[in-house]
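In this note's numbering, the protein residues as written are 2 to 251.
Just so it is clear, CB atoms sit at the ideal spot from N, CA and C, and this is done for glycine as well.
If you're wondering where the values come from, they're calculated on a predicted model, not measured in any experiment.
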């Protein structure tokens, strides 16, 4: 509990549990990480780095490494904020999170194992808010000022997410992506899919979209039920199987 300043890397060993009490702050210092081989419980906790950025134009991403959950590790994060990390949470084991906020990171969450996340807020992300090559269930999100929202190569289920000021909102390059209730605003490419990915996006809305769908060479892409305004509806190059239904675009 209290104000913790890391002066080195921290490992939560297999079979042990680290519990951070409400109100705890953790200063990740100069590039340190927290490695979870056992169990981490954090509630109403803030992780950040007080290190000064190397350049004046930096927004403070990458000042500490972040939380790394190994393949046998488990983290439970409730009402937690993570600032200034390289990858805020890397998940090879299991992540359970509710009301998670990520600011100023290279990557928000990199899921290789499994993650259940409810209520994720992210802003100022240099790459993707979420990269998933494992199993992801994400319910409710608000992403702004980001290069990418979700890049899925695993199994991803996403519900009720608003994405604004983004390069690419949803990108699916392999595996299965099922997304419902997605809003895109001031986004360059809302949805991108390609051959080898099974992508279904339903109930979408949005404004000021440069390109709604980059279908590339998709062979299993379905977009349905939505109203969006923007500049271009569809770009495809060799796409063999895709459908768009009940969609208003202006």
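- Residue 60: not part of any beta strand (DSSP E); DSSP gives it neither H nor E.
- When DSSP states are grouped into helix, strand and coil, residue 143 belongs to the strand group.
- With 16 or more other Cβ atoms inside 10 Å of its own Cβ, residue 162 counts as buried.
- Selection 251, 194, 154, 148 evaluated against residue 243 yields 194 as nearest (Cα-Cα).
- DSSP, reduced to helix, strand and coil, places residue 195 outside both helices and strands of the structure shown, so it counts as coil.
- Listed in chain order, the non-local C-beta contacts of residue 201 below 6 Å within the same chain comprise 179, 223, local neighbours out to five positions each way being set aside.
- For the pair residue 118 and residue 101, the CB atoms are nearer than the 8 Å cut-off.
- Burial check for residue 38: the Cβ neighbour count within 10 Å reaches 16 or more, so the residue is buried.
- One thing to note: residue 29 has its Cβ within 8 Å of the Cβ of residue 48.
- With contact defined as three or more Cβ pairs closer than 8 Å, the region 89-103 and the region 156-173 are not in contact.
- A distance below 8 Å between beta-carbons, with the five flanking residues on each side excluded, links residue 104 to the following residues of its chain, in chain order: 82, 83, 84, 85, 123, 124, 125.
- Looking from the CA of residue 147, the closest CA among 235, 140, 229, 131 belongs to 131.
- The C-alpha of residue 65 lies about 6 Å from the C-alpha of residue 87.
- Under the criterion of beta carbons closer than 8 Å, residue 233 and residue 213 qualify as touching, at roughly 7 Å.
- Taking the Cβ atoms as the reference, residue 89 lies roughly 7 Å from residue 68, within the contact range of under 8 Å.
- With distances taken between CA atoms, residue 111 lies nearest to 149 out of 145, 40, 149, 79.
- Nearest C-alpha to residue 116 among 24, 133, 107: 133.
- Only buried fits residue 106, as 16 or more other CB atoms lie within 10 angstroms of its CB.
- With 16 or more other Cβ atoms from the protein chains shown falling within 10 Å of its own Cβ, residue 215 counts as buried.
- Within its own chain, the residues whose Cβ lies closer than 7 Å to the Cβ of residue 9, once the five positions on either side in sequence are excluded, are 33, listed in chain order.
- Check the Cα spacing between residue 187 and each of 170, 2, 108: the tightest is with 170.
- With distances taken between CA atoms, residue 27 lies nearest to 51 out of 167, 16, 51.
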